[in-house]
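Below you'll find the structure, written out as structure tokens, and then a few comments.
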Amino acid sequence: MDNNQRVIIHADLNSFFATAEQQTNPALRGKPVGVIKAPGRTCIIAASVEAKKFGVGTGSRVYDAKKLCPEIILVPANFSKYEKMTYRFIDICKTYSPACEVFSLDECFIDVTETEFIWPRPPRNASLEQLAWLEMGKALRGNAGGKNVFNIAFEIKDRLRREVGDYMTCSVGVSHNRFLAKLASSQIKPDGLFWITDDNKLEVLDRSKLTDVCGLGDGLYQHLTRVGIDSFPILRAKSITFLQEHFGPHWSLHLYNLARGIDDSGVGSILEIPDAKSVGRTYTTHRNLYRKEEVWRLTRNLCEETAAKARKMHLAGRYVGFCLRGGPARIATRQQLHSSGRVAGGEVSEWGHLTLKNYINDGKILFDLCLQISKNWNFFQQPFDFAQVFDSEVAQTRGGLRPYVRFCGVTLGMLTKSAYLPSPLFVSDSRRVDLIKTIDKVNGKYGDYTIYPGQLLGTSLIRPEVNGFFGDRKYRLDFASKN
Ligand SMILES: [Mg+2]
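Under numbering that gives the first Met the number 0, the first residue of the sequence shown carries the number 0, and numbering increases by one thereafter.
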């Protein structure tokens, strides 16, 4: 099929986190609301439609937001609430085509080229305004392509209100490729509908800022301005040779196409990808571990593997489980050893878990949470500190309990697609995300643990098992991680 005849919808929930709060707490409706990560945090991660009118937006600092809008109401984020809403939103979107790609927590692409004929009628509750739109759409569209995409667009809006919440709205963009469909949905907010065709695409592009479009990050924008390009018309005027010279073979083509509204990428599929519920790793040591550092190294090692598994599947979790098994066994005194030579005592295990508000897939964070879970465990509250005492001759001869660890287990559960998660808000966070991405890339190419945390230096690394999880590549298929 000619690419220009594809029919792509981009549905984007308006001010998602903030509207979700207004949905569940009607007292917030019609008021400027700023969602923050947790009480006391200084950065606004989502602003309501009303707050945006004052100039408050994602990434605004609370201090600045209060200056712009003193009556702003700050609400701590509730990611599990948003996640449930996201799933219901996706359930709606995916009914219109198997080619439905979740792009982020509040955005889906739906390729309805092959399926729009199934929706020949407007939704039952269509308003007069919507019906007028539909008539106009038909007239404008003539005989080219289908005529039903706007029926679907209005049905999505209607079902969103009925099935997710009566206060929820989305903007819908329609066009013949992903890039233009996304640009279309950004034209009218909230509750908008916009259609980009070959006739109006350049006009819409030319009134957009370069930074408004997806796939054109800050670094690339800086580079563009350095060579005198700061708008779409200027970008379009540059030859491919000029672009190749300054941006290399990949980006030059990308930029050339962006300027002309060309995008041949397909819409992925959401179907038949089972969700892993949890990932984890357990390990039984070959010898007893007596030193705290040894136990923590083992734990860190397993945390790194667990987190890497989650990342490989483009998943992140908010349930952390941690288990240690081992002594304390009763150590005989020297005198008893002389007489019996036996060590008596039973094994004990300790386990605990934490449920977090946000999703993680970073091994270091996972490790820190395991430390937190285990901070009051008996293993580490023995009559003497084994790091210092047990290695000494005194301890060996003193008798009493000698704690050790010989089994460790780490679990990351309540997994969700990391593509659903918001991008990191802070520079330090996004640097960390970039660092992990790079490490994953290197380890993917040269083998697991080519790069690993310094904490594991000098130990024999525990590696993923051959037939374990890493053989399972099907998760890679459709969920390109946004992070
Ligand atoms: Mg949105």
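C-beta: ideal position from N, C-alpha, C; glycine also.
Mind checking whether the beta-carbon of E20 lies closer than 7 Å to any heavy atom of ligand 1?
In the sequence shown, residue 20 corresponds to position 21, counting from 1. Residue side-chain check: E20 keeps its Cβ at 7 Å or more from all non-hydrogen atoms of ligand 1.
Buried versus exposed call for Q4 [16 or more other C-beta atoms within 10 Å across all chains shown]
To locate residue 4, count along the sequence shown from 1; it is residue 5. That one is exposed.
What are the partner residues of A10, as DSSP defines its beta bridges?
On the sequence shown, residue 10 is found 11 positions in, with the first residue counted as 1. Per DSSP, the beta-bridge partners of A10 are C107 and V171.
The stretch 223–243 in contact with the stretch 285–301 per 3-pair CB rule at 8 Å:
The count of Cβ pairs closer than 8 Å, one atom from the stretch 223–243 and one from the stretch 285–301, stays below three, leaving the stretches out of contact.
Where the alpha helix (DSSP H) containing S147 begins and where it ends:
By 1-based counting over the sequence shown, the position of residue 147 is 148. For the record, residue 147 in the displayed sequence is Asn; it is not Ser. Counting along the chain, N147 falls outside any alpha helix (DSSP H), and DSSP gives it neither H nor E.
By the three-class DSSP mapping on this structure, what secondary structure does I239 have?
Sequence index remark: in the sequence shown, residue 239 carries index 240 (1-based). Assignment of I239 by DSSP, reduced to helix, strand and coil, places it in the helix class.
Residue range of the unbroken beta strand (DSSP E) whose run includes S348
The count along the sequence shown starts at 1 and reaches residue 348 at position 349. Here the beta strand (DSSP E) through S348 covers V347 to I359.
Would you call the stretch 39–58 in contact with the stretch 176–185, where contact means no fewer than 3 C-beta pairs closer than 8 Å?
When Cβ pairs closer than 8 Å are counted between the two stretches, the stretch 39–58 is seen not to touch the stretch 176–185, the count staying below three.
Which value, in whole angstroms, describes the spacing of the CA atoms of S277 and V171?
Mapped onto the sequence shown, residue 277 falls at position 278. Mapped onto the sequence shown, residue 171 falls at position 172. If I take the Cα positions, the gap works out to 34 Å.
Would you call the CB atoms of L192 and F88 closer than 8 Å?
As a position in the sequence shown, residue 192 is number 193, starting the count at 1. As a position in the sequence shown, residue 88 is number 89, starting the count at 1. No, they are not a contact pair.
According to DSSP, is S417 helix, strand or coil?
Indexing the sequence shown from 1 puts residue 417 at position 418. DSSP places S417 in helix when its eight states are reduced to three.
Our contact map puts A10 next to E106 with C-beta atoms below 8 Å; I'd like the distance itself, whole angstroms only.
Residue numbering aside, residue 10 sits at position 11 when the sequence shown is read from its first letter. Residue numbering aside, residue 106 sits at position 107 when the sequence shown is read from its first letter. Correct: roughly 7 Å between the Cβ atoms.
In its own chain, which residues sit with a C-beta less than 8 Å from the C-beta of I438, not counting the 5 before and 5 after it?
For the purposes of this step, residue 438 is identified with residue 439 of the sequence shown, where counting begins at 1. For I438, same chain residues with a beta-carbon under 8 Å away, outside a window of 5 residues either side, are I450 in chain order.
CA-to-CA distance, H253 to R299, given in whole angstroms:
Taking the sequence shown and counting its residues from 1, the one referred to as residue 299 is at position 300. Taking the sequence shown and counting its residues from 1, the one referred to as residue 253 is at position 254. Annotation: R299 to H253 spans about 41 Å, alpha carbon to alpha carbon.
Cβ pair L365, C302 closer than 8 Å:
Counting from one through the sequence shown, the residue named residue 365 turns up at place 366. Counting from one through the sequence shown, the residue named residue 302 turns up at place 303. L365 places its beta carbon less than 8 Å from that of C302.
Determine the closest residue to G260 out of T94, L209, E244 and D90, with distance taken between C-alpha atoms.
Taking the first residue of the sequence shown as position 1, residue 260 is located at position 261. When C-alpha distances from G260 are compared across T94, L209, E244 and D90, the shortest belongs to L209.
Judging by CA-CA distance, which residue of T458, L355, V347 and G443 is the nearest neighbour of R310?
Counting from 1 along the sequence shown, the entry for residue 310 is found at position 311. Ranked by Cα distance from R310, the options T458, L355, V347 and G443 are led by G443.
With a threshold of 16 other CB atoms inside 10 Å of the CB of V74, please say whether the residue is buried or exposed.
Reading the sequence shown from its first residue, position 75 is the one you call residue 74. V74 should be labelled buried.
Below 7 Å, is the gap between the Cβ of F15 and the nearest heavy atom of ligand 1?
The residue you call residue 15 lines up with position 16 of the sequence shown. Checking the Cβ of F15 against ligand 1 gives yes.
Is it buried or exposed, Q489, if we count other Cβ atoms within 10 angstroms and call 16 or more buried?
Nothing about residue 489 can be reported from this structure: the residues present for the chain run from 0 to 482 only.
Quick one: what's S459 bridged to in DSSP?
Along the sequence shown, read from residue 1 onward, the residue named residue 459 stands at position 460. In the DSSP assignment, no residue is bridged to S459.
Could you tell me the distance, in whole angstroms, from the CA atom of L27 to the CA atom of S14?
Within the sequence shown, residue 27 is the residue found at index 28, counting from 1. Within the sequence shown, residue 14 is the residue found at index 15, counting from 1. Approximately 14 Å, taken between the alpha carbons.
Which term fits V441, buried or exposed, when burial requires 16 or more other beta carbons within 10 angstroms of its beta carbon?
As a working note, residue 441 is residue 442 in the sequence shown. Exposed.
For a test of your reading of the model: does the CB of L12 fall under 7 Å from any non-hydrogen atom of ligand 1? Yes or no.
Your numbering for residue 12 matches position 13 in the sequence shown. Yes, Cβ of L12 sits closer than 7 Å to a heavy atom of ligand 1.
State the start and end residues of the unbroken alpha helix (DSSP H) segment that holds Y86.
On the sequence shown, residue 86 is found 87 positions in, with the first residue counted as 1. Looking at the DSSP string, the run of the alpha helix (DSSP H) that includes Y86 is F78 to C92.
Looking at ligand 1, does it come within less than 7 Å of E106, judged from the CB to the closest heavy atom?
The residue you call residue 106 lines up with position 107 of the sequence shown. Ligand 1 approaches E106 closely enough that one of its heavy atoms is under 7 Å from the residue's Cβ.
Who are the Cβ neighbours of T281 in its own chain at under 6 Å, not counting the five residues just before and after it?
The sequence position of residue 281 within the sequence shown is 282, counting from 1. So the list reads G408, once near-sequence residues are dropped.
Within its chain, find whatever has a CB closer than 6 Å to the CB of A479; leave out the 5 residues flanking it on each side and keep chain order.
Working through the sequence shown from its first residue, we reach residue 479 at position 480. Note that A479 scores a pLDDT of 26, beneath 50, so its modelled location is shaky and nothing firm can be said.
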